[in-house]
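These notes concern the structure reproduced below.
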Ligand SMILES: NC(=O)c1ccc[n+]([C@@H]2O[C@H](COP(=O)([O-])OP(=O)(O)OC[C@H]3O[C@@H](n4cnc5c(N)ncnc54)[C@H](O)[C@@H]3O)[C@@H](O)[C@H]2O)c1
């Protein structure tokens, strides 16, 4: 056998998972087959068996489903998947109902299918290490825990109690598992697992009832009650609506999981397992699951493992980082660094301003301290890591200096020249600009090869993405160090090449401007916002324009016109840009910070924002016609086309940077798997066809040139074994 080792000695059958040639154990086809063989062997050996141990020869216990295999599934594979998953669960059932005590020896992490394997043991012993993770993250990949996870967790914790662990995919440590009753004993060290397991088997053997799970006890009652309990029934009558509100109908997995929990709670255990299998088989071949697995598993791993990081540069960790400009961004970056233990110098033109930037960290941590979620000592340590200053000299000895002053070329050049000499030997300089090309800014630097873009998003403490921009002269070492720095503060780095708006700002601009263009066509603003929400964007395009300031968009537009002119060309503004320009220049609607934009922001406490009523009289046309699906398509296709253009132009060099960057930087909907996966998930030809139709109706923004088509095909991901 290649994935499982079976050994029977002194009455103890040990089933050890050890997938050949793989760092982790997965439920690959081979494993499924071998589990059936091992189970048959256990049945044969029954009379000689006193107890059964489930163990792992890897550093983790079991990783779960074979996701590469999943990516290759076609819709027509659903019946086969159903049969396979049923067979695996039949094996689980055979082992756990044999009348012999089964113990899971959890030496390391057990997630998804791995946790479902762990749940086969009547008794579960785990190593007490807070780094070990248990749980069912399937929902985050568009799947459900269909290898008995839903049925068992619901029967262990109840319909209410199990929800966070199934529907919200909440993970837990061994210590938390013990508290929840999901693990029965903790040991200090993996070497102690076997002895603890054998001791339990001995203790158990002296009892009278054969080993069994709670749900196989004839007196079993579901914790909290079944759906026939009026309290549970009351909750269940609203739960689907609450869930639907969250998923907007775009994510089938949590809805299926809830259905499987509730339906399964009303039938016997084996029927419940079958219900679960049906839902899983349907989901696992669905486009949304593939999109999400592609991106949240494979693409995320590509980033974590540094596939976009230049190779052959040693790992790097800065010891002290300086920030120029203690405004919204500078204050946020200082907080993130300090919360990760990184000594930070925060410099602004006056000490007062620098202090104000540091105060942002107080503002974030104080409520936590007051609610008892943060220890005052930890808060004090965090704050002590930030040194506010008005002096450039305070930056002396920093390994990295990031400028986050106003978006102004001359100012950025000046602060670069002032601060660069303060860098420690071998240090590097970064700009947090959101729009200005890095190659141009690097001209102010004495060492442009040590100058890079590190583009944070607002609010810095919440937004996980950081876009690293390689200027024309930036060297590999600097890109690699920027990458390591970003990972060291717990953020997700993507690496892009220099161009106007880089990747994220450029694509983000197409989203909001497509929304603004719709206003220009006379479509009601509320409809435009709904289209954004229903497509799965976090907020509508007009609301985002207000947040980021319409005036900023106009400032960027003016700058772009100037730059084109300087290069001897003429910039032709899009209909959306022209509309936003009118909002600012004609109607003085600059955005939320300036008092109002597409929305009004009433000052009274608790009052909600509402769409600026004048939009109706100024722009709405009574004869305007629209189709909501087409509006949704426009918002997503426009961004996907621009992303594909970035790939074709070498602004982006990988699909994983595109997908992860679009989801975590722009808010491109997770169900699509990101802006490139949206194309692949739709089907390349179907996408091109629809884009062509949209280009015919709404202009060149949707046009896909032969070079872009070529890039889309060239970068298509493959999932070979
Ligand atoms: N706001 C965003 O959403 C966002 C997102 C990503 C990137 N950015 C970029 O980050 C940079 C800063 O943006 P912000 O929103 O934090 O601006 P901000 O106006 O909040 O802060 C800028 C700060 O720089 C300070 N400053 C000016 N001259 C200085 C000097 N010579 N030395 C030190 N400090 C000086 C100002 O006093 C101010 O406190 C800009 O380049 C912007 O494009 C902004």
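Numbering (our numbering), first residue to last: -18 to 702.
Note that beta-carbon positions come from the ideal geometry of N, C-alpha and C, so glycine has one too.
For residue 479, count neighbouring Cβ atoms within 10 angstroms of its own Cβ and tell me buried if that reaches 16, exposed if not. As a first step, residue 479 must be located in the chain shown, where it is residue number 498. Classification of residue 479: buried, given that the 10 Å Cβ count is 16 or more.
Quick check on the DSSP output: the alpha helix (DSSP H) that includes residue 194 runs from which residue to which? For this step, residue 194 is matched to residue 213 along the chain shown. No alpha helix (DSSP H) contains residue 194, which DSSP labels as neither H nor E.
Could you say if the region 305 to 315 and the region 337 to 348 meet the contact criterion of at least three C-beta pairs nearer than 8 Å? yes
For residue 478, the three-state DSSP class (helix, strand or coil): For the purposes of this step, residue 478 is identified with residue 497 of the chain shown, where counting begins at 1. In the structure shown, residue 478 sits in a strand (DSSP, three-state: E or B).
With DSSP as the reference, label residue 572 as helix, strand or coil. Locating residue 572 in the chain shown gives position 591, where the first residue counts as 1. Residue 572 falls in the strand class under three-state DSSP.
Flag residue 308 as yes when its Cβ comes closer than 8 Å to any non-hydrogen atom of ligand 1, and as no otherwise. Here residue 308 refers to the residue found at position 327 of the chain shown. Answer for residue 308: yes, Cβ within range of ligand 1.
Report the option in 268, 519, 453 and 415 whose CA atom is closest to the CA atom of residue 437. Position 456 of the chain shown, counted from the start, is the residue given in the question as residue 437. If we check each option's Cα against that of residue 437, 415 comes out closest.
Enclosing beta strand (DSSP E) for residue 436 [first to last residue]: The residue you call residue 436 lines up with position 455 of the chain shown. Here the beta strand (DSSP E) through residue 436 covers 432 to 437.
Report whether the distance from the Cβ of residue 334 to the nearest heavy atom of ligand 1 is below 8 Å. Position 353 of the chain shown, counting from 1, holds the residue named residue 334. For ligand 1, at least one heavy atom lies less than 8 Å from the Cβ of residue 334.
Looking at the unbroken beta strand (DSSP E) that takes in residue -7, where does it start and where does it end? Your numbering for residue -7 matches position 12 in the chain shown. -7 to -2 is the extent of the beta strand (DSSP E) around residue -7.
Going by beta carbon distance, what residues of the same chain come within less than 7 Å of residue 574, once the five residues before and after it are set aside? Within the chain shown, numbered from 1, the residue matching residue 574 stands at position 593. Excluding the 5 residues flanking it on each side, residue 574 has same chain C-beta neighbours closer than 7 Å at 530, in chain order.
For ligand 1, I want to know if residue 103 counts as a neighbour, meaning its beta carbon is within less than 8 Å of at least one of the ligand's heavy atoms. The sequence position of residue 103 within the chain shown is 122, counting from 1. Result no, Cβ not under 8 Å from ligand 1.
Does the beta-carbon of residue 436, which I'm using as the reference point, lie nearer than 8 Å to any heavy atom of ligand 1? For this step, residue 436 is matched to residue 455 along the chain shown. Indeed, a heavy atom of ligand 1 lies less than 8 Å from the Cβ.
Pull up the CB-CB distance for residue 119 and residue 113, whole angstroms please, since I reckon it's below 8 Å. Position 138 of the chain shown holds residue 119. Position 132 of the chain shown holds residue 113. Wrong, their Cβ atoms sit about 19 Å apart, outside the cutoff.
Any non-hydrogen atom of ligand 1 closer than 8 Å to residue 413 Cβ: As a working note, residue 413 is residue 432 in the chain shown. Yes, ligand 1 has a heavy atom inside 8 Å of this Cβ.
Are the beta-carbon atoms belonging to residue 26 and residue -6 less than 9 Å from one another? The count along the chain shown starts at 1 and reaches residue 26 at position 45. The count along the chain shown starts at 1 and reaches residue -6 at position 13. Yes, these two residues count as a Cβ contact at 9 Å.
Which residue comes first and which comes last in the beta strand (DSSP E) that contains residue -14? In the chain shown, the residue the question calls residue -14 occupies position 5. It spans -15 to -10 - the beta strand (DSSP E) in which residue -14 sits, taken as one unbroken run.
Looking at residue 577 and ligand 2, is the gap between the Cβ and the nearest heavy atom below 8 Å? Among the ligands present in this structure, namely ligand 1, ligand 2 is not found.
Once the 5 residues before and after residue 377 are set aside, which same chain residues still bring their CB inside 7 Å of it? Along the chain shown, one-based indexing puts residue 377 at 396. Contacts found: 403.
Environment of residue 194 [buried if 16+ CB atoms lie within 10 Å]: Against the chain shown, residue 194 aligns to sequence position 213. Per the 10 Å Cβ criterion, buried.
Mind listing, in chain order, the continuous beta strand (DSSP E) runs of no fewer than 3 residues lying wholly within the region 526 to 595? List check, beta strand (DSSP E) in window: nothing returned.
Sort 11, 186 and 15 by Cα distance to residue -13 and report the nearest one. Taking the chain shown and counting its residues from 1, the one referred to as residue -13 is at position 6. Nearest in C-alpha terms to residue -13, of all of 11, 186 and 15, is 15.
Who are the near neighbours of residue 516 in its chain, counting only those whose CB is closer than 7 Å to its CB and skipping five residues on each side? In the chain shown, residue 516 corresponds to position 535, counting from 1. When the five nearest sequence neighbours on each side are left out, the beta carbons in the same chain lying within less than 7 Å of the beta carbon of residue 516 are those of 613, 616, 617 and 650, in order along the chain.
At which residue ranges does the region 75 to 124 contain complete alpha helix (DSSP H) runs of 4 or more residues, listed in the order of the chain? Segments of the alpha helix (DSSP H) lying fully in the region 75 to 124: 94 to 99.
Going by other Cβ atoms of all chains shown within 10 Å of its Cβ, with 16 needed for buried, is residue 57 buried or exposed? On the chain shown, residue 57 is found 76 positions in, with the first residue counted as 1. Label assigned to residue 57: exposed.
Tell me which residue opens and which closes the beta strand (DSSP E) that residue 252 is part of. Locating residue 252 in the chain shown gives position 271, where the first residue counts as 1. Premise fails: residue 252 lies in the alpha helix (DSSP H), 250 to 265, not in any beta strand (DSSP E).
Hey, is residue 70 close to ligand 1, as in C-beta under 8 Å from one of its heavy atoms? What you label residue 70 is simply residue 89 of the chain shown in a count that begins at 1. No, the beta carbon of residue 70 sits no closer than 8 Å to any heavy atom of ligand 1.
Give the secondary structure of residue 366 by DSSP, where H, G and I count as helix, E and B as strand, and everything else as coil. Working through the chain shown from its first residue, we reach residue 366 at position 385. Looking at residue 366 - three-state DSSP - the assignment turns out to be coil, as it is neither helix nor strand.
Measuring straight from C-alpha to C-alpha, what distance separates residue 549 and residue 542? Looking up residue 549 in the chain shown gives position 568. Looking up residue 542 in the chain shown gives position 561. CA-CA distance, residue 549 to residue 542, rounds to 11 Å.
Taking all protein chains shown into account, decide if residue 637 is buried (16 or more other Cβ within 10 angstroms of its Cβ) or exposed. By one-based count along the chain shown, residue 637 stands at place 656. Counting Cβ neighbours within 10 Å, residue 637 comes out buried, since at least 16 surround it.
Is the distance from the Cβ of residue 739 to the Cβ of residue 331 below 9 Å? The chain is shown from -18 up to 702; residue 739 falls before or after that span and cannot be answered.
At a cut-off of 8 Å, is residue 243 close to ligand 1 when judged by its beta-carbon and the heavy atoms of the ligand? What you label residue 243 is simply residue 262 of the chain shown in a count that begins at 1. Within the chosen limit of 8 Å, ligand 1 does not reach the beta carbon of residue 243 with any heavy atom.
Rounded to whole angstroms, what is the Cα-Cα separation between residue 12 and residue 54? Position 31 of the chain shown, counted from the start, is the residue given in the question as residue 12. Position 73 of the chain shown, counted from the start, is the residue given in the question as residue 54. Going from the Cα of residue 12 to the Cα of residue 54 covers about 18 Å.
Could you tell me the boundaries of the beta strand (DSSP E) in which residue 24 lies? Along the chain shown, one-based indexing puts residue 24 at 43. From DSSP, residue 24 is part of no beta strand (DSSP E) but of the alpha helix (DSSP H) over 10 to 25.
Pick helix, strand or coil for residue 40, following the three-state DSSP scheme. Taking the chain shown and counting its residues from 1, the one referred to as residue 40 is at position 59. Here residue 40 sits in coil by DSSP.
In this structure, does DSSP put residue 62 in helix, strand or coil? As a first step, residue 62 is located in the chain shown; it is residue number 81 there, counting from the start. In this structure, residue 62 counts as helix in the three-state DSSP scheme.
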